[in-house]
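K.L.:
Sequential numbering from -19 applies to the sequence shown in the numbering used here. Positions of the beta carbon are idealized from the N, C-alpha and C atoms, including for glycine. Since the structure is predicted, the reported quantities are computational estimates derived from the model, not experimental observations. Below you'll find the structure I mean.
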Amino acid sequence: MAARALDAALDPSAIERALAAWREHDVARAIHAADREAIRATEAARALVLELFSRPARDLYNACALLGRLLADAGASPSLAASTIDGAVRALADAKFTQDESRVAVARASLAEGYVSAVREAERDDARRAWDYASCVVPLDDETVAIAAGYPASDGEELADWAAKIALTASKSGAKAAVVAGPEPVKREVAEALKLLGIDVRDSLAPKRWLRLPWRK
């Protein structure tokens, strides 16, 4: 059969065959079980990418970026993300459909961009979760807590939201006083949120009251 340009939409049966071939290509190159699970989890997005190889380039690139994000969310390896478009291209070639090489290169780059963006967002979310109440607050007694105010905020609104959550949780836990330490802007935001809820903010722990020995006056 002569090669055909993708200027018309693939019929459903052709997409199904190409999808199966693409799946086999990726499974054969999967590094671990997470890769194989990611391939299964992204079946619908893969079908969309195949279909959009015959549509306007922008739609294809957006679909590839989405597929990259879904692969990252499913725990796929960077190796799978980097090579999966090659599998799609090979599957389409086996079905006697040709592709514009420039579109293939941008499709590959779009998928990588989506993958990397999702990984970075996940890493930032993990870093922020390290500053949840249970991780950055230590009870000192029944009514006093120590707060490590080091939240890596990217903007003032985000910092204010975090400080409000910390203050609200401290109030619900029964805290009446708090010792706050950290960079001055973050410390100030937390202190203001605590004061709004009636929690006394201290610069340091109260000095210990030592017992007077009998021979001391």
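In chain order, which continuous runs of the beta strand (DSSP E) of length 3 or greater are located wholly inside the stretch 1 to 49?
P.N.:
none
K.L.:
Quick one: give me the first and last residue of the beta strand (DSSP E) that proline 119 is part of.
P.N.:
The residue you call residue 119 lines up with position 139 of the sequence shown. Element bounds for proline 119: 117 to 119.
K.L.:
Are the CB atoms of alanine -2 and alanine 75 within a distance shorter than 7 Å?
P.N.:
Numbered from its first residue, the sequence shown carries residue 75 at position 95. Numbered from its first residue, the sequence shown carries residue -2 at position 18. A contact, by the Cβ cut-off of 7 Å.
K.L.:
Apply the 10 Å Cβ neighbour rule to lysine 188 and answer buried if 16 or more other Cβ atoms are within range, or exposed otherwise.
P.N.:
Within the sequence shown, residue 188 is the residue found at index 208, counting from 1. At lysine 188 the pLDDT is 46, less than 50, meaning the model places this residue with poor confidence and gives no usable figure here.
K.L.:
Which same chain residues, not among the five before or five after glycine 178, have their C-beta less than 6 Å away from its C-beta?
P.N.:
Stepping through the sequence shown from its first residue, residue 178 is reached at position 198. No residues qualify anywhere along the chain.
K.L.:
What residue range does the beta strand (DSSP E) around isoleucine 179 cover?
P.N.:
Here residue 179 is taken as the residue at index 199 of the sequence shown, counted from 1. For isoleucine 179, there is no enclosing beta strand (DSSP E), since its DSSP letter is neither H nor E.
K.L.:
Taking just the CA atoms, how far does alanine 25 sit from arginine 218?
P.N.:
Because residue 218 is not part of the residues shown, which for the chain are -19 to 197, the question remains open.
K.L.:
What is the rounded straight-line gap between the Cα of alanine 73 and the Cα of serine 34?
P.N.:
In the sequence shown, residue 73 corresponds to position 93, counting from 1. In the sequence shown, residue 34 corresponds to position 54, counting from 1. Near 13 Å, if we compare the C-alpha coordinates of serine 34 and alanine 73.
K.L.:
What first and last residue would you give for the alpha helix (DSSP H) that runs through alanine 62?
P.N.:
Position 82 of the sequence shown, counted from the start, is the residue given in the question as residue 62. Unbroken alpha helix (DSSP H) run through alanine 62: 58 to 74.
K.L.:
Can you tell me whether serine 153 is buried or exposed, with buried defined as 16 or more other CB within 10 angstroms of its CB?
P.N.:
The sequence position of residue 153 within the sequence shown is 173, counting from 1. Serine 153 should be labelled exposed.
K.L.:
Can at least three beta-carbon pairs, one atom from the stretch 6 to 23 and one from the stretch 52 to 59, be found at a separation below 8 Å?
P.N.:
yes
K.L.:
When the Cα atoms are used, what is the spatial distance from glycine 48 to valine 125?
P.N.:
Taking the sequence shown and counting its residues from 1, one reaches residue 48 at position 68. Taking the sequence shown and counting its residues from 1, one reaches residue 125 at position 145. C-alpha separation (whole angstroms): 43 Å.
K.L.:
Grouping DSSP H, G and I as helix and E and B as strand, with all else coil, what is alanine 110?
P.N.:
What you label residue 110 is simply residue 130 of the sequence shown in a count that begins at 1. Looking at alanine 110 - three-state DSSP - the assignment turns out to be coil, as it is neither helix nor strand.
K.L.:
Using 8 Å as the Cβ pair cut-off and three pairs as the minimum, do the stretch 58 to 73 and the stretch 104 to 113 touch?
P.N.:
no
K.L.:
Let me check understanding here. Comparing Cα to Cα, which of Phe77, Glu169, Gly130 lies closest to glycine 162?
P.N.:
Residue numbering aside, residue 162 sits at position 182 when the sequence shown is read from its first letter. The shortest Cα separation from glycine 162 among Phe77, Glu169, Gly130 belongs to Gly130.
K.L.:
When burial is assigned at 16 or more other CB atoms within 10 Å of the CB, is leucine 40 buried or exposed?
P.N.:
Counting from 1 along the sequence shown, the entry for residue 40 is found at position 60. Leucine 40 comes out buried.
K.L.:
If contacts are defined as beta-carbon pairs under 8 Å, then alanine 133 and serine 90 qualify, I think. What distance do you get, rounded to the angstrom?
P.N.:
Looking up residue 133 in the sequence shown gives position 153. Looking up residue 90 in the sequence shown gives position 110. Contact doesn't hold; Cβ gap of about 30 Å is too wide.
K.L.:
What separation, rounded to the nearest whole angstrom, lies between the Cα atoms of alanine 158 and alanine 61?
P.N.:
Residue 158 sits at position 178 when you count from the first residue of the sequence shown. Residue 61 sits at position 81 when you count from the first residue of the sequence shown. Those two C-alpha atoms are separated by around 47 Å.
K.L.:
If you draw a straight line from the C-alpha of glutamate -4 to the C-alpha of alanine 10, how long is it?
P.N.:
The count along the sequence shown starts at 1 and reaches residue -4 at position 16. The count along the sequence shown starts at 1 and reaches residue 10 at position 30. The straight-line gap from Cα to Cα measures roughly 21 Å.
K.L.:
When we look at the beta-carbon of threonine 22 and count the other beta-carbons within 10 Å, is it buried (16 or more) or exposed?
P.N.:
In the sequence shown, residue 22 corresponds to position 42, counting from 1. Classification of threonine 22: buried, given that the 10 Å Cβ count is 16 or more.
K.L.:
Using beta-carbon positions only, say whether alanine 173 and valine 181 come within less than 7 Å of one another.
P.N.:
By 1-based counting over the sequence shown, the position of residue 173 is 193. By 1-based counting over the sequence shown, the position of residue 181 is 201. Result no, Cβ atoms of alanine 173 and valine 181 do not sit closer than 7 Å.
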